[in-house]
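Enquirer: Residue numbers (my numbering): 3 to 344. For glycine and all other residues, C-beta sits at the position ideal for the given N, C-alpha and C. Structure below; questions to follow.
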Amino acid sequence: MSLKSIQKEREYTKFVVDERLCYYEPSKNKTEKTFVEELSSSLNQKQKSIHPKFFYDKSGSELFEKICKLPEYYLTRTEISILRKLDDKLSAYMDEEFRLVELGSGSSYKTRILISIFEKLQKRIEYFPIDISKILKESTTTLLDDYENLHMTGIIDNYESGLEFVKNYDDKKNLIVFLGSSFGNFDYEPGLRFLHKINSSMKDGDLFLIGLDLVKDTNILEQAYNDSQNITAQFNLNVLSRINSELDSDFNVDKFAHYATFNDSKNRIEIYIRSLENQIVNITKAGIMLEMKKGELIHTENSYKYTIPKIEEMFSNTGFRINELWFDDKQYFCLALLSKNG
Ligand SMILES: C[S@@+](CC[C@H](N)C(=O)[O-])C[C@H]1O[C@@H](n2cnc3c(N)ncnc32)[C@H](O)[C@@H]1O
3 MSLKSIQKER EYTKFVVDER LCYYEPSKNK TEKTFVEELS SSLNQKQKSI
53 HPKFFYDKSG SELFEKICKL PEYYLTRTEI SILRKLDDKL SAYMDEEFRL
103 VELGSGSSYK TRILISIFEK LQKRIEYFPI DISKILKEST TTLLDDYENL
153 HMTGIIDNYE SGLEFVKNYD DKKNLIVFLG SSFGNFDYEP GLRFLHKINS
203 SMKDGDLFLI GLDLVKDTNI LEQAYNDSQN ITAQFNLNVL SRINSELDSD
253 FNVDKFAHYA TFNDSKNRIE IYIRSLENQI VNITKAGIML EMKKGELIHT
303 ENSYKYTIPK IEEMFSNTGF RINELWFDDK QYFCLALLSK NG
């Protein structure tokens with residue numbers, strides 16, 4: 003499929019902010035339709051659920067930035083500590099041809115470390131951030147001011163559509179990065195399908211850098227998702243406020259609570275919203291009348307934690323060659339640098 007037909011299919015509008023920054027955004031109708039369709043299905047199952055990608059409206063993205071700074075949330079600072087030590091180790095795999103593509107770029111804070119690595123190799127750096135959240139507009143505008151040599155094309159869409167966009171863009175080599183342990187939100191089989199999708203979006207010579215959280219002490223894991231300032235709880239419950247404002251519903255957020263627990267048979271943190279009483283919520287724009295019993299849970303996120311053998315198995319089953327596995331001193335977190343197995 004050509005780039006033009008992808009733009010048409012997704013009904014993207016191109017916004018040019020500057021000669022060094024443009025972004026593509028699907029129409030509001032399209033985004034709202036996806037939200038309605040997915041909620042209508044996921045809230046109608048025996049185990050009600052809301053997909054974690056819906057966390058990220060403006061408030062959700064702001065709350066996530068607060069989570070990253072929490073003392074209990076070791077993930078961000080640990081991954082940053084590994085990235086800061088990469089420098090020559092990563093640049094040894096690259097040359098002046100590479101473009102940086104980032105899935106779930108968020109605030110692009112960690113991206114700055116990668117940009118500084120690119121700066122040693124290239125005078126003109128190309129960056130394609132992909133994020134479902136409009137935070138992309140702010141983060142790219144800030145980068146525009148901070149880096150004179152950075153040329154950005156943002157895609158405000160889901161990972162899969164962003165990958166299609168990049169795949170059809172041109173023949174330039176890509177370093178695709180997927181940080182923040184966001185891959186941990188995928189269940190095992192969908193995760194393998196997603197890795198296949200990334201693999202098939204890559205050309206020979208492209209690289210893929212992915213951040214994965216590792217299995218560790220249950221207390222450390224559970225505290226990371228049950229912080230003492232209740233920011234994670236606000237982040238989780240914010241999805242109800244988002245549904246209220248975008249789909250005209252009447253969730254009373256005070257009648258729900260955050261619940262996060264480690265499931266050690268599945269090596270994953272599970273996050274839920276618990277109903278504190280029997281209640282009925284109307285989601286008008288989706289035509290949903292949601293009946294919740296006291297104590298009933300809406301599943302909102304899984305965050306898988308990996309072992310090294312699992313990491314090796316996942317990548318060898320999805321057509322990747324592992325070039326490097328980089329860790330922090332405590333072996334809390336892993337960055338894997340992968341190539342397409344040719
Ligand atoms: C856990 S945050 C990580 C942000 C940043 N990469 C980091 O490491 O701090 C996940 C980011 O991915 C975006 N995101 C979540 N689900 C997505 C999806 N299905 N498609 C595209 N972006 C998504 C969110 O908006 C958010 O910015």
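What residue range does the beta strand (DSSP E) around T286 cover?
Expert: Locating residue 286 in the sequence shown gives position 284, where the first residue counts as 1. No beta strand (DSSP E) contains T286, which DSSP labels as neither H nor E.
Enquirer: Counting pairs of Cβ atoms below 8 Å between the region 329-337 and the region 241-253, do you hit three or more?
Expert: no
Enquirer: Out of curiosity, what's the CA-to-CA distance linking D229 and K307?
Expert: Walking along the sequence shown from the start, residue 229 turns up at place 227. Walking along the sequence shown from the start, residue 307 turns up at place 305. If you take the alpha carbons of D229 and K307, they lie about 18 Å apart.
Enquirer: Label G344 either buried or exposed according to how many other C-beta atoms from any shown protein chain fall within 10 Å of its C-beta, with 16 as the threshold for buried.
Expert: The sequence position of residue 344 within the sequence shown is 342, counting from 1. By the 16-neighbour rule on beta-carbons within 10 angstroms, G344 is exposed.
Enquirer: By Cβ distance, which residues of its chain are closer than 7 Å to N238, with the 5 residues on each side in sequence left out?
Expert: Residue mapping note: residue 238 aligns to position 236 of the sequence shown, counting from 1. The residues are H260, I273, I275 and T302.
Enquirer: Run the proximity test for P28: is its beta-carbon closer than 7 Å to any non-hydrogen atom belonging to ligand 1?
Expert: Walking along the sequence shown from the start, residue 28 turns up at place 26. Residue side-chain check: P28 keeps its Cβ at 7 Å or more from all non-hydrogen atoms of ligand 1.
Enquirer: Kindly indicate the opening and closing residues of the alpha helix (DSSP H) around F180.
Expert: In the sequence shown, residue 180 corresponds to position 178, counting from 1. Unbroken run through F180 is the beta strand (DSSP E), N176 to F180; no alpha helix (DSSP H).
Enquirer: Taking the alpha carbon of L116 as the reference point, which residue from S305, L211 and L340 has its own alpha carbon closest?
Expert: Translated into positions along the sequence shown, residue 116 becomes position 114. Nearest of S305, L211 and L340 to L116, Cα basis: L211.
Enquirer: Who are the Cβ neighbours of L194 in its own chain at under 8 Å, not counting the five residues just before and after it?
Expert: As a first step, residue 194 is located in the sequence shown; it is residue number 192 there, counting from the start. Excluding sequence neighbours, L194 sits near M316, N319 and T320.
Enquirer: For my contact list, N284 and D252 are in at a C-beta cut-off of 8 Å; report their separation, rounded to the angstrom.
Expert: For the purposes of this step, residue 284 is taken as residue 282 along the sequence shown, with counting starting at 1. For the purposes of this step, residue 252 is taken as residue 250 along the sequence shown, with counting starting at 1. That pair is a contact at about 6 Å.
Enquirer: Please list the segments of the alpha helix (DSSP H) lying wholly inside the region 225-285, counting only runs of 4 or more residues, in order along the chain.
Expert: Inside the region 225-285, DSSP marks whole alpha helix (DSSP H) runs of 4 or more residues at positions 233-249, from first to last along the chain.
Enquirer: Helix, strand or coil for H301 per DSSP?
Expert: Counting from 1 along the sequence shown, the entry for residue 301 is found at position 299. DSSP places H301 in strand when its eight states are reduced to three.
Enquirer: Go through its chain and collect everything with a Cβ distance to E67's Cβ below 6 Å, but skip five positions before and after it.
Expert: The count along the sequence shown starts at 1 and reaches residue 67 at position 65. These residues qualify, in order along the chain: S109.
Enquirer: Report the rounded CA-to-CA distance for L146 versus I200, giving the unit in angstroms.
Expert: For this step, residue 146 is matched to residue 144 along the sequence shown. For this step, residue 200 is matched to residue 198 along the sequence shown. Looking at the two C-alpha atoms, the distance is approximately 27 Å.
Enquirer: Is it the case that the Cβ atoms of E81 and V179 are separated by a distance below 8 Å?
Expert: Reading the sequence shown from its first residue, position 79 is the one you call residue 81. Reading the sequence shown from its first residue, position 177 is the one you call residue 179. Going by C-beta atoms, E81 is not nearer than 8 Å to V179.
Enquirer: So, using beta-carbon positions, are S107 and L138 closer together than 8 Å?
Expert: As a position in the sequence shown, residue 107 is number 105, starting the count at 1. As a position in the sequence shown, residue 138 is number 136, starting the count at 1. Yes; because the gap between Cβ atoms is below 8 Å, this pair is in contact.
Enquirer: Kindly list the residues whose CB is nearer than 7 Å to the CB of V38, restricted to its own chain and excluding five residues on each side of it in sequence; keep chain order.
Expert: On the sequence shown, residue 38 is found 36 positions in, with the first residue counted as 1. For V38, where only same-chain residues beyond five positions count, the Cβ hits under 7 Å are L249, K287 and A288.
Enquirer: Report the rounded CA-to-CA distance for N170 versus D208, giving the unit in angstroms.
Expert: The residue you call residue 170 lines up with position 168 of the sequence shown. The residue you call residue 208 lines up with position 206 of the sequence shown. Answer to the nearest angstrom: the Cα atoms are 14 Å apart.
Enquirer: Quick check on DSSP: helix, strand or coil for D97?
Expert: The sequence position of residue 97 within the sequence shown is 95, counting from 1. Coil, per DSSP.
Enquirer: Should A235 go down as buried or exposed, given a rule of 16 or more other Cβ atoms within 10 Å for buried?
Expert: Taking the first residue of the sequence shown as 1, we reach residue 235 at position 233. Per the 10 Å Cβ criterion, buried.
Enquirer: Measuring straight from C-alpha to C-alpha, what distance separates S1 and T15?
Expert: Outside the shown range of the chain (3 to 344) lies residue 1, about which nothing can therefore be said.
Enquirer: For the alpha helix (DSSP H) containing T78, list its first residue and its last residue.
Expert: Sequence index remark: in the sequence shown, residue 78 carries index 76 (1-based). First-last of the alpha helix (DSSP H) with T78: Y76 to R86.
Enquirer: Is any heavy atom of ligand 1 found at a distance shorter than 7 Å from the C-beta of N160?
Expert: For this step, residue 160 is matched to residue 158 along the sequence shown. Yes, Cβ of N160 sits closer than 7 Å to a heavy atom of ligand 1.
Enquirer: In its own chain, which residues sit with a C-beta less than 6 Å from the C-beta of G62, not counting the 5 before and 5 after it?
Expert: Walking along the sequence shown from the start, residue 62 turns up at place 60. Counting only Cβ-Cβ distances below 6 Å, and skipping sequence neighbours, we find N240.
Enquirer: Is it true that the region 89-100 meets the region 70-81, where meeting means three or more beta-carbon pairs spaced less than 8 Å apart?
Expert: no
Enquirer: Any idea what DSSP makes of K35, helix, strand or coil?
Expert: By one-based count along the sequence shown, residue 35 stands at place 33. When DSSP states are grouped into helix, strand and coil, K35 belongs to the helix group.
Enquirer: Given the structure, does S61 come close to ligand 1, in the sense that its CB is under 7 Å from one of the ligand's heavy atoms?
Expert: Stepping through the sequence shown from its first residue, residue 61 is reached at position 59. Every heavy atom of ligand 1 is 7 Å or more from the Cβ of S61, so no.
Enquirer: Is the beta carbon of I84 closer than 8 Å to that of D330?
Expert: The residue labelled residue 330 in the question sits at position 328 within the sequence shown. The residue labelled residue 84 in the question sits at position 82 within the sequence shown. Result yes, Cβ atoms of D330 and I84 sit closer than 8 Å.
Enquirer: Have a look at F258 and E140 and give me their C-alpha separation to the nearest angstrom.
Expert: Sequence index remark: in the sequence shown, residue 258 carries index 256 (1-based). Sequence index remark: in the sequence shown, residue 140 carries index 138 (1-based). Straight-line spacing of the CA atoms in F258 and E140 works out to 31 Å.
Enquirer: Check whether the Cβ of C336 sits closer than 7 Å to any heavy atom of ligand 1, and report yes or no.
Expert: Position 334 of the sequence shown, counted from the first residue, corresponds to residue 336. Not so, every heavy atom of ligand 1 lies at least 7 Å from the Cβ.
Enquirer: In this structure, does DSSP put M154 in helix, strand or coil?
Expert: Your numbering for residue 154 matches position 152 in the sequence shown. In this structure, M154 counts as strand in the three-state DSSP scheme.
Enquirer: Mind checking whether A226 and E74 have CB atoms under 8 Å apart?
Expert: For the purposes of this step, residue 226 is identified with residue 224 of the sequence shown, where counting begins at 1. For the purposes of this step, residue 74 is identified with residue 72 of the sequence shown, where counting begins at 1. Going by C-beta atoms, A226 is nearer than 8 Å to E74.
Enquirer: Once the 5 residues before and after V168 are set aside, which same chain residues still bring their CB inside 7 Å of it?
Expert: In the sequence shown, counting from the first residue as 1, residue 168 sits at position 166. V103, F130, N176 and S203, listed in sequence order.
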